[in-house]
Amino acid sequence: MIRTTIEKICAYEGQIVTLSGWLYNKRSSGKIIFLQIRDGSGFIQGVVVKKEVSEAVFEACKNLPQESSFHVTGMVQRDERSALGYELLVREVEVVCRAEEGYPISLKEHGTDFLMDYRHLWMRTPRQHAILRIRDEINLGLREFFHEAGFVLVEPPIITPASCEGTTELFEIDYFGENAYLSQTGQLYAEAAAMAFGKVYSFGPTFRAEKSKTRKHLNEFWMIEPEMAFVDFEGNLKVQEEMVSYVIKRVLQQRRRELELLGRDVTALEKIEPPFPRITYTEAVEMLKNAGFEFEWGDDFGAPHETHIADQYEKPVFITHFPTSMKAFYMQPDPMNPEVILGADLIAPEGYGEIIGGSQRIHDLELLLEKLRAENLPEEVYQWYIELRKFGSVPHSGFGLGLERTVAWICGIDHIRQTIPFARTLNRVYP
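Going by our numbering, the sequence shown opens with residue 36, and the numbers climb by one from there.
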């Protein structure tokens, strides 16, 4: 007996194989039953012909409720009408668990709030399954990119005593009588690790208590955050565009079928390769004004502004040299113009907004202390971070990529809540 998965079934054309999975759907035309089988790796049609199976097998298939689990044995045959290219001519069925009747997610249309309440079941459907398989591929591609480039993975703490960017958007917790926070970034800890290993990255959950209801925001999300010693602003941008291009190429190679299922225009993704266009913040302000937007130097970009800027390009675009007053205390001012920072946001095409924020970091001790004091941040809490500038400080840079926004862009989907297995938003903490 050959046991395999749907994803690998093309290697067994004309052979008898056994799949283990679930009944996604079925239909019947009298003496033939068509089973839509899923096994976690994909979906395939199983054809049950009454005269070619025992009566017990035919009756079992006929009466099996949606989402029952089973082992299915049959012959693999080519089917050009199928998106997979193959179907299974069923010979035997062994039921593992007969599902209850009344599966909540029928094949009719449902509202998104209803489906989010049943997220634990919704992810079984082909579209949601495809999104999360692409997320997995992006996740793996990011890790492989950094591993191949000589980066070391480090895991910063989730519980922290201080914030990188103020505490107004942090989840505060009681840590045995002391105030602590769920981390909004692992960056500061990654900087410390970069001084030990040269090039590092962290990849983990981050938390922001931002009361936002937009399609681009989650309160718990995942970020990949590299930090690199002896890398300046220019080198930082180069790593970012190489990383994004690497991941997209991988998804196009490994998950094209899932992209097609989602209706994604892959020609737009095929254009993504270095170098990416760049404009300064000041140039972006002028672009917006010329397009009729009411926008002044020092204002922050909203979604309409980012979309307009991105629409001028086919690739992601770097917006560089933001006003120093807009950005976090650790970002290096431009020596040629200290009113702006040596940093950039990467804006994805097609209205998906910022997916990366990064900068060269301040490496000078006195300048870092000046910035901390200007923002009234407690030096005692940041003492360990200050000490990095006392003992072998070097120019260094880093950035953070939001995984869910990247998944949304690559998949071409409308709302970020579908890009993570279980979304945490302003009004949702269940399931």
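Idealized CB from N, CA, C, for every residue including glycine. All values derive from a computational prediction rather than experimental measurement.
Inter-residue CB distance, residue i and residue j (contact presumed, cutoff 8 Å)
i: Arg-73; j: Trp-57; result: 6 Å
i: Ile-451; j: Arg-250; result: 6 Å
i: Pro-309; j: Glu-269; result: In fact, because the Cβ distance is near 13 Å, the residues do not count as touching under 8 Å.
i: Pro-373; j: Thr-359; result: 7 Å
i: Ile-166; j: Thr-454; result: 6 Å
i: Glu-42; j: Val-111; result: Between Val-111 and Glu-42 the Cβ distance is about 13 Å, and since that is not below 8 Å, they are no contact.
i: Ile-314; j: Ile-354; result: 6 Å
i: Leu-407; j: Phe-364; result: 6 Å
Helix, strand or coil at residue i [DSSP, three-state]
i: Pro-339; result: helix
i: Arg-250; result: coil
i: Val-266; result: coil
i: Glu-213; result: strand
i: Gly-176; result: helix
i: Phe-330; result: coil
i: Leu-297; result: coil
i: Gln-163; result: helix
i: Gln-112; result: strand
i: Thr-454; result: helix
i: Ala-225; result: helix
i: Met-36; result: coil
i: Val-88; result: coil
i: Asn-60; result: strand
i: Lys-234; result: strand
i: Tyr-121; result: strand
i: Thr-220; result: coil
i: Asn-372; result: strand
i: Ile-72; result: strand
i: Phe-93; result: helix
Residue from the options whose Cα sits closest to the Cα of residue i
i: Leu-404; options: Phe-238, Arg-126, Glu-276 and Val-416; result: Val-416
i: Gln-101; options: Cys-132, Gly-75, Asn-411 and Val-82; result: Cys-132
i: Ser-237; options: Leu-253, Glu-262, Asn-214 and Arg-113; result: Glu-262
i: Pro-192; options: Glu-183, Cys-45, Leu-217 and Arg-159; result: Leu-217
i: Leu-323; options: Phe-336, Phe-311, Arg-313 and Pro-312; result: Phe-336
i: Leu-156; options: Tyr-59, Asp-334, Pro-196 and Glu-341; result: Tyr-59
i: Leu-70; options: Leu-124, Arg-113, Leu-119 and Ile-44; result: Leu-124
i: Ile-445; options: Glu-293, Ala-118, Phe-180 and Ile-41; result: Glu-293
i: Ile-307; options: Trp-332, Leu-377 and Ala-383; result: Ala-383
i: Lys-234; options: Gly-378, Thr-355, Phe-265 and Gly-388; result: Phe-265
i: Lys-97; options: Lys-61, Pro-456, Cys-45 and Ser-247; result: Lys-61
i: Ile-173; options: Arg-154, Gly-109, Leu-188 and Ile-259; result: Ile-259
i: Val-107; options: Tyr-138, Arg-116 and Ser-55; result: Ser-55
i: Ser-76; options: Gly-109, Thr-40 and Leu-99; result: Thr-40
i: Ser-280; options: Pro-466, Asn-411, Val-352 and Thr-147; result: Val-352
i: Tyr-387; options: Leu-400, Leu-407, Asp-346 and Leu-412; result: Asp-346
i: Ile-448; options: Arg-299, Met-36, Gly-81 and Gly-239; result: Arg-299
i: Ala-402; options: Met-366, Leu-381 and Ala-379; result: Note on identity: in this sequence residue 402 is Leu, with Ala being the wrong assignment. Nearest option by C-alpha distance: Met-366.
Whole-angstrom distance between residue j and residue i, CA atom to CA atom
i: Val-84; j: Ile-67; result: 5 Å
i: Ile-397; j: Phe-186; result: 21 Å
i: Arg-290; j: Glu-136; result: 34 Å
i: Lys-86; j: Gly-65; result: 12 Å
i: Glu-122; j: Arg-463; result: 39 Å
i: Phe-149; j: Pro-161; result: 17 Å
i: Leu-304; j: Gln-288; result: 12 Å
i: Ala-443; j: Phe-181; result: 22 Å
i: Phe-105; j: Glu-204; result: 47 Å
i: Ser-141; j: Arg-159; result: 12 Å
i: Arg-113; j: Ile-51; result: 13 Å
i: Tyr-210; j: Phe-457; result: 26 Å
i: Arg-243; j: Cys-45; result: 45 Å
i: Ala-319; j: Arg-116; result: 49 Å
i: Lys-273; j: Ser-63; result: 56 Å
i: Leu-99; j: Thr-53; result: 18 Å
i: His-267; j: Gly-393; result: This sequence places Asp at residue 267; His is not what is there. Each residue's alpha carbon lies about 11 Å from the other.
beta-carbon residue i near the ligand COA non-hydrogen atom, thresh 8 Å
i: Ala-443; result: Among the ligands in the structure shown, none appear at all, so the ligand COA cannot be discussed.
Cβ of residue i within 9 Å of any chain C Cβ
i: Arg-73; result: Note that chain C does not occur in the displayed structure, where there is just one protein chain.
Touching by the beta-carbon criterion (3+ pairs, under 8 Å), the stretch 223–239 and the stretch 426–446 | The stretch 223–239, when compared against the stretch 426–446, does touch it at the 8 Å Cβ threshold.
Indicate whether the contact test is met: 3 or more Cβ pairs, each with one atom in the stretch 219–227 and one in the stretch 436–447, closer than 8 Å.
-> The stretch 219–227 vs the stretch 436–447: no contact.
Within the chosen definition, does the stretch 127–141 reach the stretch 83–103 through at least 3 CB pairs nearer than 8 Å?
-> Touching, yes.
For the 8 Å Cβ check, are there 3 or more pairs between the stretch 318–332 and the stretch 340–358?
-> Judged by Cβ distances under 8 Å, the stretch 318–332 makes contact with the stretch 340–358, as three or more pairs qualify.
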